[in-house]
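Using the UniProt record's numbering, read the sequence shown as starting at 1 and increasing by one per residue.
These notes concern the structure reproduced below.
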Amino acid sequence: MKYSWEEFARKMGVEPKILENKEARLLKKFVDDLIPPTHCQGCQGLDLSIENPVHHPSYELTPACNHDCIFCYSNVALKLGKVPEPGYYGWENPYAITVSQYGEPLISPRIVEVNKMLRERFPDARLDLQTNGSLLTKELWQKLDFDLVMVSLDAASREKHKMITNADTFKNVVNALKIVGADKSVRSIVRTIFMPGINDEDIPKIAELAASLGVDEMMLQPLTIHKLNEERLKKAGLDFESAESIREYLKAAMEAKKYIDIRISGCQLAIYRTMDPLTLFSARRVARDVVPIVKRNRKEF
């Protein structure tokens with residue numbers, strides 16, 4: 001017969017609350033108080049009753065990117081020939097559309113055209129821009145029309161940023177955060193990947209920097225380790241064990257909360273909320289994955 005840990009504790013004559021510790025209770029309260037990221041709102045991943053949830057629809061512009069990040073899943077998909085062709089991947093009447101989940105959309109000369117087309121074709125949908133920010137200028141921003149923009153930043157210094165992205169664009173990315181942070185007609189988000197051993201100390205600094213530039217939110221995402229990136233991550237100093245620790249991930253988010261409205265990956269949050277304090281404290285997540293595959297069908301307009 002299998003017992004829950006509470007049942008087992010009581011059979012041993014110990015009340016479950018005695019087994020809890022202060023840090024476990026703090027983690028549980030932190031998770032229960034969190035709001036899902038704005039980008040994740042309306043996504044199937046927040047509903048645990050859906051067996052195979054899919055992300056928001058996306059419009060893919062190009063698999064190309066001017067960054068070569070040590071953790072990038074898009075890079076892996078490109079190398080394996082699994083990257084999606086340009087086009088719309090989704091359905092009619094979507095809650096939100098992301099431009100885009102593969103490659104850097106601002107590289108494409110069609111970004112303004114596609115943005116306008118999506119606004120006209122899906123007037124009720126929230127339009128999200130996901131970008132590394134390095135190519136965003138005031139002139140380009142004035143031509144774009146998004147409701148939410150996520151700018152990726154995983155380091156708080158030029159040197160660390162260059163090591164992670166293999167591109168000397170730190171100043172450009174900070175400028176992008178400044179541009180979107182100043183525009184209060186959109187929801188501005190700094191999107192950061194938790195890479196223990198590489199950017200632990202940077203995360204609260206990124207949060208403080210983004211907040212000082214007027215950015216509304218920080219979305220801290222756990223790292224997914226793909227085999228083709230494993231050696232690069234190892235060379236950069238990744239703590240593989242901590243990368244799989246839910247406790248370490250949440251502690252990093254708690255530090256960032258001192259400076260900015262912190263959110264964690266929505267599908268992860270939905271799962272963590274089902275856990276009791278001790279499980280949350282000791283649980284580990286599977287950080288390794290195969291190449292990401294788009295589950296949505298490509299739709300012709």
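Backbone N, C-alpha and C define an ideal beta-carbon position, used for all residues, glycine too.
Item to complete: Below 8 Å on the Cβ atoms is my guess for residue 166 versus residue 67; work out the distance and round it to an integer in Å.
Response: 7 Å
Worksheet entry | Sequence ranges, beta strand (DSSP E) only - wholly within the segment 167 to 198, length at least 3 | 187 to 194
Worksheet item: So residue 98 is in the beta strand (DSSP E); what residue range does that whole segment cover?
Response: 96 to 99
Item to complete: Quick one: grab the DSSP three-state call for residue 299.
Response: strand
Practice prompt. Give the single residue among 134, 238, 37 whose Cα lies nearest to the Cα of residue 170.
Written response: 134
Worksheet entry | Residue burial classification, residue 59 (beta-carbon count within 10 angstroms, cutoff 16) | buried
Fill in: Stretch-stretch touch, CB-based, cutoff 8 Å, three pairs: the segment 101 to 117 with the segment 148 to 161
no
Discussion item. So, under 8 Å CB-CB, residue 287 and residue 243 are touching, yes? Tell me the CB distance rounded to an integer number of Å.
Written reply: 5 Å
Worksheet item: Looking at C-alpha atoms only, which residue of 81, 40, 276 is the closest neighbour of residue 63?
Response: 81
Item to complete: Apply the 10 Å Cβ neighbour rule to residue 187 and answer buried if 16 or more other Cβ atoms are within range, or exposed otherwise.
Response: buried
Discussion item. If contact is defined by three or more beta carbon pairs under 8 Å, each pair taking one atom from either stretch, is the segment 273 to 287 in contact with the segment 204 to 224?
Written reply: yes
Worksheet entry | Inside the segment 52 to 83 only - beta strand (DSSP E) runs reaching at least 3 residues | 58 to 60
Discussion item. Would you say the beta carbon of residue 113 is closer than 7 Å to some non-hydrogen atom of the ligand MG?
Written reply: The ligand MG is absent from the structure shown, which contains no ligand whatsoever.
Item to complete: Sort out for me which residues DSSP pairs residue 245 with in a bridge.
Response: 284
Worksheet item: Which residues bound the beta strand (DSSP E) around residue 126?
Response: 126 to 131
Worksheet entry | Residue interval of the alpha helix (DSSP H) (run including residue 112) | 111 to 121
Item to complete: Taking only the alpha-carbon atoms, compute the straight-line gap between residue 245 and residue 139 and give it to the nearest angstrom.
Response: 42 Å
Practice prompt. May I have the straight-line CA-CA distance separating residue 143 from residue 115, to the nearest angstrom?
Written response: 9 Å
Fill in: DSSP state of residue 219 mapped onto helix, strand, coil
strand
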